[in-house]
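Notes follow the structure.
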Amino acid sequence: MSTGFQYIYHKGAYEAIKSTGIDKISNDSVRLLLTDMYDFRMQRAQNFIENDQSIEISRMEFLNKFVDFDIRKLPNGQAVPDIKPRTSISGNKEIAMLIFEKMSNNGEAVGRLENLTQACERLLKILDRELEIEDVLKDIPQNDWQDR
Numbered sequence: 031m032s033t034g035f036q037y038i039y040h041k042g043a044y045e046a047i048k049s050t051g052i053d054k055i056s057n058d059s060v061r062l063l064l065t066d067m068y069d070f071r072m073q074r075a076q077n078f079i080e081n082d083q084s085i086e087i088s089r090m091e092f093l094n095k096f097v098d099f100d101i102r103k104l105p106n107g108q109a110v111p112d113i114k115p116r117t118s119i120s121g122n123k124e125i126a127m128l129i130f131e132k133m134s135n136n137g138e139a140v141g142r143l144e145n146l147t148q149a150c151e152r153l154l155k156i157l158d159r160e161l162e163i164e165d166v167l168k169d170i171p172q173n174d175w176q177d178r
C-alpha cells in the first residue's frame, strides 16, 4: 500500500558558495533566500517525506492482519506481488482510515514539492536578474526533457 517518493536534493553548488563565503553575496535578500531554501525548506521537505516513509513499516504490519502478501514468478521470470485479502475489507473502518491517511500524506508530499519547485523557480529568476544573465539563458532548455 505505497506509492513512494524518493526525495534527494543536490546542494553542491550551495555548499561551494558557503565554503567560499556566502557573505560575498552583497544582496542581503538573495543571501537570505538562498540560505532559507537550502538550509531550511529543502531539508524540511526531506524530513517530512522521510518521516512518512519511516512509518510505512507499521502501516504494512497493520495491513498484514487483513491481507496475504506473496511474490509470484511469471512464466517470463518476472516476479510480481500476489496480494489476496484474508477477509472482506469492504466497510472496514481501519482499512478506510489507513487508505485515507496514505492518500493525505501523498497529497501533502506532492503539494510540498510543488511549492518548493515554485520557490526554486522564483529564486532562479532572482539570481538571473542579480547576475544579469537572463538574456544569455533564454535559449537554453531549463529541463532535460524540454525540447532543444
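Counting from 31, one number per residue, gives the positions in the sequence shown under our numbering.
For each residue, glycine too, the CB sits at the ideal point set by N, CA and C.
Inclusion of Ala-75 and Leu-154 in the CB contact set at 8 angstroms is not warranted, their separation being larger than that value. If the five residues before and after Thr-117 are omitted, its C-beta is found closer than 8 angstroms to the C-beta atoms of Phe-96, all from its own chain and listed in chain order.
Per the DSSP secondary-structure output, Ala-109 pairs in a beta bridge with Lys-103. Note on Asn-135: 16 or more other CB atoms within 10 angstroms of its CB, so buried under the neighbour-count rule. Contact between the region 35–45 and the region 103–119 is absent, with fewer than three C-beta pairs closer than 8 angstroms. Closest option to Leu-161, judged by alpha-carbon separation, among Lys-48, Gly-51, Ile-55 and Ser-49: Ile-55. Take Leu-63, set aside five residues on each side of it, and the residues of its chain with a beta-carbon closer than 6 angstroms to its own are Leu-153, in chain order.
With respect to Ile-113, Phe-99 sits close: the two C-beta atoms are nearer than 8 angstroms. Residue range 58–66 is occupied by the alpha helix (DSSP H) that includes Asp-58.
Partner residues in the beta bridge of Asp-98, as assigned by DSSP, are Lys-114.
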